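If you're matching positions, the sequence shown starts at 1 in full-length UniProt numbering and goes up one per residue. Glycine included, each C-beta is placed from N, C-alpha and C at the ideal position. None of the values given here were measured: they were computed from a predicted structure. Below is one structure, written out as structure tokens, with a few remarks after it.
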Amino acid sequence: MPFSRIILIILLTAGLSWQTAAQSLLNKTVSLEVKRQPLSEVLNQISRQGNFYFSYISNILPQDSLVSISVNRKSVRHVLDILFEGDYVYKESGNYIILLKKVSGQAYYQISGFVTDKRTGMRISNASVYERQQLISTLTNNDGYFRLRLKDKYPTAAISVSKELYADTSLTINTGQDQEVAVTISPVTFQLKTVEITSQVERTWLGRMLLSSRQKMQSMNLTSFLADKPYQASLAPGLGTHGKMGAQVVNKFSVNILGGYTAGVDGVEIGTGFNIVKGNVKNVQIAGIFNVVGGKTSGVQIAGLHNNVLDSMNGVQVGGFSNITRGNQEGVQISGVYGQTRGNFSGVQLSGVLNVSKGNIDGWQVAGVVNVAAKNAKGVQLSGIGNFTQNEFHGVQLTGIGNISKSTVKGVQLSAIFNYARRLDGVQVGLVNIADTTTGYSIGLINFVKKGYHKVSVFSTETLNLNVAWKSGRKELYSILLAGMNAGTEKAYQIGYGIGKEIPFNRNFFLAAEITGASLYIGDKDGINTQMMRMQPMLNLRLGKSVSIFAGPSFVMHFFDKIEPKEGFKTNIPGNSYPSFNMGEHVKGWLGWQAGITIL
């Protein structure tokens with residue numbers, strides 16, 4: 001259990017114990033019918049009926065003065081108020097009521113009584129009773145009883161009673177003297193106002209853990225009452241400058257030692273532990289552990305561990321571990337581990353591990369591990385592992401492992417491993433690039449477009465008589481994965497990669513321009529130490545919907561180190577009688593050819 005709750009429970013327990021003892025004598029009921037009898041005799045009648053004793057100094061009490069009074073089943077306090085007209089105060093000790101002369105200018109007086117339902121006459125528990133000017137409040141107990149201790153320095157005073165599902169009621173009282181009142185309140189016929197105004201901070205797990213049930217009940221009752229004050233200081237929720245009414249006050253300057261629970265901040269709030277605000281926060285809020293705000297936040301919000309804004313955020317939000325904004329956010333969100341916005345986000349979202357935006361985003365997401373945009377995103381996603389967008393993305397996705405967009409990408413996807421876009425209207429650069437449809441370009445080792453360009457070619461060249469190439473992407477730019485071998489007594493093997501482009505002439509004729517690079521194995525003991533690069537235009541003729549034949553010249557460059565002949569392998573590249581020319585010490589070139597068949 002948090003330390004603040006422990007302190008609060010101890011103080012509440014002590015207060016309730018004192019209150020129960022006080023009610024046992026002063027709240028007993030008596031009946032009197034007295035005409036012109038000495039005051040001392042009247043007090044004796046009261047004490048006999050109540051089964052207790054009065055204690056007082058004889059020279060301060062006019063014992064011989066004649067009094068008349070007629071009451072039926074009224075509390076002892078009420079009868080004493082009539083007899084002494086507010087000139088005395090009453091204290092209880094054991095089975096004694098001590099009568100003391102009120103000193104001129106006494107600092108406090110007490111208002112007590114019961115709150116009942118106007119329709120049923122039933123006494124109402126957990127109703128909030130408060131004085132608006134002094135910001136002093138209490139809740140009625142299970143019997144509907146309350147007692148307020150008010151300061152005797154204001155010329156007027158009024159107590160108000162609020163209860164969920166009841167209409168607010170106010171009562172003007174006489175100041176400067178203890179008195180008992182009866183208050184009736186009427187049920188309301190609709191709940192719309194309560195549903196609209198009730199704060200949500202009490203329903204968060206932090207609110208449930210750190211706020212007592214009485215504080216939550218008070219907040220629920222007083223949805224329509226707010227006050228503005230220049231400052232407040234508190235040890236814990238309910239233990240501060242404004243007491244139990246602290247949650248109904250908007251402060252210019254607020255300091256909370258362990259934690260605070262206020263209605264709003266219009267200036268600066270600092271808490272070494274936590275700050276819980278039901279309404280809006282403007283300017284600056286700083287907490288050693290966490291901040292929870294039920295309304296809008298604008299300015300700077302800093303927490304050592306966690307910030308939680310239940311409405312919108314406009315400004316800078318810094319959380320040592322995490323930040324969560326349930327509404328829209330504009331500005332900068334910096335989180336040590338996890339940052340989340342549930343509404344639209346505009347600005348920079350920076351996190352050490354994970355960023356999540358459940359609304360549209362316009363700006364930057366920068367995360368050490370993963371960025372997630374659940375709707376449309378515009379701007380830059382930069383992460384160490386991956387980026388994900390659910391809807392349309394405009395901008396740049398840059399990551400170490402993979403980018404995934406389940407809708408249209410208009411911009412650039414750049415990763416070391418893979419990229420995926422449902423529709424690509426930009427550029428993909430990665431080892432593996434995948435798209436369902438594309439009007440853009442994919443640059444990588446494997447480029448796969450589900451509804452795009454897919455062809456397999458089988459062909460021969462002047463160097464190798466059997467080759468296979470898989471071509472994928474789009475006609476404007478496709479990638480080529482190829483493998484080949486030379487069958488017969490002069491063996492040779494190759495594996496390579498390339499890119500190409502189709503240039504259509506008409507329905508049946510088109511030109512394919514390709515550049516490929518391949519590594520060639522010809523039995524060398526050191527492995528592959530020779531490479532070929534080919535630049536080849538090829539004329540294609542469609543024979544049907546799925547088949548075409550092609551042929552064309554090529555310019556070939558052969559790069560090699562010292563070749564040691566091995567029996568059974570081809571050592572003279574491209575061939576013993578094939579013309580070639582030297583282009584350097586380890587570079588040879590020639591004009592070659594290729595011809596084959598393509599299956600669409």
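When the alpha-carbon of residue 435 is set against those of 520, 442, 449, the nearest one is in 449. Taking 8 Å as the cut-off, the beta carbon of residue 152 is found closer than this to the beta carbon of residue 109.
Take residue 458, set aside five residues on each side of it, and the residues of its chain with a beta-carbon closer than 6 Å to its own are 468, 596, 597, in chain order. DSSP lists 557, 581 as the beta-bridge partner residues of residue 589.
Runs of the beta strand (DSSP E) lying entirely within the region 335-392, each at least 3 residues long, are 338-341, 345-351, 354-357, 361-367, 370-373, 377-383, 386-389 in chain order. Judged by their CB atoms, residue 136 and residue 158 are not nearer to each other than the 8 Å cut-off. Of the candidates 266, 287, 265, 287 places its Cα closest to the Cα of residue 275. At a Cβ-Cβ threshold of 8 Å, residue 67 and residue 79 do not count as neighbours. For a cut-off of 8 Å, the C-beta gap from residue 249 to residue 242 is around 5 Å, short enough to register as a contact. Take the alpha-carbon of residue 143 and the one of residue 122: they are about 9 Å apart. Contact holds between the region 506-524 and the region 470-487, because three or more Cβ pairs, one in each stretch, are under 8 Å apart. Rounded to whole angstroms, residue 381 and residue 289 show a C-alpha spacing of 29 Å. With a threshold of 16 other beta carbon atoms within 10 Å, residue 335 meets it and is buried. Residue nearest to residue 463 within the set 239, 570, 201, 178 is 570 (criterion: CA-CA distance). Bounds of any alpha helix (DSSP H) do not take in residue 180; it lies within the beta strand (DSSP E) bounded by 179-185. In the structure shown, residue 395 adopts extended strand secondary structure according to DSSP, grouped into three states.
Straight across, the Cα-Cα distance linking residue 378 with residue 421 is about 15 Å. For the set 81, 585, 175, the Cα lying nearest the Cα of residue 107 is the one of 175. According to the DSSP assignment, residue 122 belongs to no alpha helix (DSSP H), since it is labelled neither H nor E. The Cβ neighbour count for residue 582, taken over all protein chains shown within 10 Å, is under 16; the residue is labelled exposed. A Cβ-Cβ separation of about 28 Å leaves residue 592 out of contact with residue 546 under the 8 Å criterion. Within 10 angstroms of the beta-carbon of residue 572 lie fewer than 16 other beta-carbons, which makes it exposed. Judged by beta-carbon spacing, residue 343 lies beyond the 8 Å limit of residue 322, meaning their Cβ atoms are not closer than that value.
With contacts defined as CB atoms closer than 8 Å, residue 146 and residue 113 qualify as a contacting pair. Restricted to the region 58-142, the alpha helix (DSSP H) segments that are unbroken, complete and at least 4 residues in length are 76-84, listed in chain order. Counting other Cβ atoms within 10 Å of its Cβ, residue 538 reaches 16 or more and is therefore classed as buried.
For residue 49, the enclosing alpha helix (DSSP H) stretches over residues 39-50.
The Cβ atoms of residue 299 and residue 280 do not sit closer than 8 Å to each other.
DSSP assignment within the region 467-518 yields the following whole beta strand (DSSP E) runs of 3 residues or more, N-terminal first: 477-486, 492-504. Shortest Cα-Cα distance from residue 366 to any of 28, 566, 351 involves 351. Listed in chain order, the non-local C-beta contacts of residue 214 below 7 Å within the same chain comprise 139, local neighbours out to five positions each way being set aside. Per DSSP, residue 207 is one residue of the alpha helix (DSSP H) stretching across 205-210. Rounded to the nearest angstrom, the gap between the Cα atoms of residue 186 and residue 162 is 10 Å.
When 27, 54, 501 are compared, the shortest CA-CA separation from residue 40 is found for 54.
Around residue 447, the same chain offers 433, 472, 473, 479 as residues with beta carbons nearer than 6 Å, after the five sequence neighbours per side are excluded. Counting only residues of its own chain and dropping the five nearest sequence neighbours on each side, residue 155 has a CB closer than 8 Å to the CB of 175.
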